[in-house]
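**Student:** Under numbering that gives the first Met the number 0, the residue at position 176 of the sequence shown is numbered 175, and the numbers go up by one with no gaps.
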Amino acid sequence: MLIFTVTDQENKNYRKLPDKELRLLMVKRGDHPYIGQWALPGGFVREKESLEEAALRELKEETNIDNVYIEQLFSWGKVDRDPRTRVISVSYMSLIDSSSLNIKASHDAEDAKWFAVNCKLMDEKKTVTEMGYILEKSYKLILSNQEVEEKEISAVIKVIKTVEGKVWTIVRTVVESKGIAFDHGKIIEYGIERLRNKIAYSDIAFNLMPELFTLTELQQVYELILDKELLKANFRRKISGMVIETDEFTKDAGHRPSKLFKFNHDWSEHRFND
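What follows is the structure in structure tokens.
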């Protein structure tokens, strides 16, 4: 289970709007295998529950909240991915407003912590073949939390897309992992890719926002997920139909009051306005 939230970074200048951080919930394993390493929260499906019911149960157990965004991502079935036995995992992603969180560690975990997420493209190579091409990308995933002993855990993920005629395959491999258990590094990288892709044509980002927010705060979240700066005028034009202006303003000391907005639940477009 990938549980993402967005928080404000520590800000010593009260006149400056704090930067945002994308954070991911990780649990420290208290049992073998990978004892002492950090893993995504999760568990086994019970005999009489569906995959979605199991995911919702795990989410409730880990965060003590429900009625939040959750979606199924992918199935992971490499034969030797768990040294204990044959395990096929179905990953889910949940996006949560940070103000509603209350986490706890599961029975096989020593601790549960939020880690700041940074996933960068290291290199990219495309090779044209007779029938198509091979595209190789390497990503460096860094998860950081200054409150834990390790401070930083990481993984290098290689993604190879092979296209032959009308057939294409994508293979993800954990090339290097430091402190991240199992194959969870590539599960996290895939979740980040899905989040970045989906934000371009859906309202998924609003699941990370409080009920009321400024347009600047919303743009910060988009820029954080997309890992790039956006032009203010263009951004506001594209999301204009997705928000509703309220009569309320921010009351933060040190800042000029800003108009507050809320999500427009009647928004039904499948992508941003052109």
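No residue lacks a Cβ here, since even glycine has one placed at the ideal position from N, Cα and C.
Less than 9 Å between the C-beta atoms of Leu-230 and Phe-248, yes or no?
**Tutor:** Against a cut-off of 9 Å, the Cβ pair of Phe-248 and Leu-230 comes out as no contact.
**Student:** Within the segment 209-250, note down every full beta strand (DSSP E) run reaching 3 residues or more, in order along the chain.
**Tutor:** Counting whole runs of 3 or more residues, the segment 209-250 contains the beta strand (DSSP E) stretches 242-248.
**Student:** With which residues is Thr-4 paired in a DSSP beta bridge?
**Tutor:** Paired residues: Arg-22 and Ile-95.
**Student:** For my contact list, Glu-21 and Leu-94 are in at a C-beta cut-off of 8 Å; report their separation, rounded to the angstrom.
**Tutor:** Inspection of the sequence shows that residue 21 is occupied by Leu rather than by Glu. That belief does not hold up - the Cβ atoms of Leu-21 and Leu-94 are roughly 10 Å apart, past 8 Å.
**Student:** Please name the residue or residues paired with Leu-140 in a DSSP beta bridge.
**Tutor:** The partner list for Leu-140 (beta bridge, DSSP) reads Cys-118 and Ala-154.
**Student:** Indicate whether Leu-24 and Ala-111 have their beta-carbon atoms separated by less than 9 Å.
**Tutor:** Yes, the Cβ-Cβ distance between Leu-24 and Ala-111 is below 9 Å.
**Student:** Starting from the C-beta of Pro-82, find all residues in its chain whose C-beta is less than 7 Å away, skip the five residues before and the five after it, and write them out in chain order.
**Tutor:** Excluding positions up to five away in sequence, the list reads Pro-32.
**Student:** Exposed or buried, Val-116, counting other C-beta atoms within 10 Å across all chains shown (16 or more means buried)?
**Tutor:** Classification of Val-116: buried, given that the 10 Å Cβ count is 16 or more.
**Student:** Could you say which of Glu-163, Ala-154 and Tyr-200 lies nearest to Leu-134 if we only look at CA atoms?
**Tutor:** Leu-134 has its Cα closest to that of Glu-163, out of Glu-163, Ala-154 and Tyr-200.
**Student:** Between Ser-137 and the rest of its own chain, which residues show a CB-CB distance below 6 Å, the 5 nearest in sequence each way excluded?
**Tutor:** Answer for Ser-137: Met-121, Asp-122 and Lys-157, listed in chain order.
**Student:** Considering only the beta carbon of each residue, do Trp-113 and Asn-63 sit closer than 9 Å?
**Tutor:** Not in contact: Trp-113 and Asn-63 (Cβ atoms no closer than 9 Å).
**Student:** Using the rule of at least 16 other Cβ atoms within 10 Å of the residue's Cβ for burial, across every protein chain shown, is Trp-266 buried or exposed?
**Tutor:** With fewer than 16 other Cβ atoms within 10 Å, it is exposed.
**Student:** Throw me the rounded Cβ distance for the Leu-72 and Leu-39 pair, which I believe falls under 8 Å.
**Tutor:** Contact flag wrong, Cβ pair sits at about 11 Å.
**Student:** Across the segment 164-183 and the segment 209-226, are there enough close Cβ pairs to call them in contact, namely three or more that are closer than 8 Å?
**Tutor:** Taking 8 Å as the limit for Cβ pairs, the verdict is that the segment 209-226 does not touch the segment 164-183.
**Student:** Evaluate Gln-8 with the Cβ neighbour count: other Cβ atoms within 10 Å of its Cβ, from every protein chain shown; 16 or more gives buried, anything less gives exposed.
**Tutor:** So Gln-8 counts as exposed.
**Student:** Can you tell me whether Gln-132 is helix, strand or coil according to DSSP?
**Tutor:** Residue 132 is actually Tyr in this sequence, not Gln. Strand.
**Student:** Could you give the DSSP three-state label for Leu-55: helix, strand or coil?
**Tutor:** Looking at Leu-55 - three-state DSSP - the assignment turns out to be helix.
**Student:** Report back the beta-carbon spacing between Ile-203 and Ile-179 to the nearest angstrom; my notes put them in contact at under 8 Å.
**Tutor:** Incorrect: roughly 25 Å between the Cβ atoms, too far for contact.
**Student:** Counting along the chain, where does the alpha helix (DSSP H) carrying Lys-185 start and finish?
**Tutor:** Segment 183-197, the alpha helix (DSSP H) holding Lys-185.
**Student:** So what does DSSP say about Glu-163, is it helix, strand or coil?
**Tutor:** Strand at Glu-163.
**Student:** Rounded C-beta distance between Lys-124 and Tyr-132? I'm assuming under 8 Å.
**Tutor:** The pair is not a contact, with the Cβ atoms about 10 Å apart (cut-off 8 Å).
**Student:** Please identify the residue among Phe-262, Ile-141 and Lys-119 whose C-alpha is closest to the C-alpha of Lys-227.
**Tutor:** Minimum Cα distance to Lys-227 is reached at Lys-119.
**Student:** Whole angstroms are fine: how far does the CA of Lys-59 sit from the CA of Glu-46?
**Tutor:** So the alpha carbons of these two residues sit roughly 19 Å apart.
**Student:** Can you tell me whether Leu-50 is buried or exposed? The criterion is at least 16 other CB atoms within 10 Å of its CB, across all chains shown.
**Tutor:** Burial call: exposed.
**Student:** Span of the beta strand (DSSP E) holding Trp-75?
**Tutor:** Run containing Trp-75: 68-75, per the beta strand (DSSP E) assignment.
**Student:** Would Val-242 be called buried (16 or more neighbouring beta carbons within 10 Å of its own) or exposed?
**Tutor:** That one is buried.
**Student:** Spatial neighbours of Glu-188 within its chain, please: CB distance less than 8 Å, with the 5 preceding and 5 following residues excluded, ordered by chain position.
**Tutor:** These residues qualify, in order along the chain: Cys-118, Tyr-138, Leu-140, Ala-154, Ile-156, Val-158 and Arg-171.
**Student:** So, is Ser-74 buried or exposed, given that buried needs 16 or more other C-beta atoms within 10 angstroms?
**Tutor:** With fewer than 16 other Cβ atoms within 10 Å, it is exposed.
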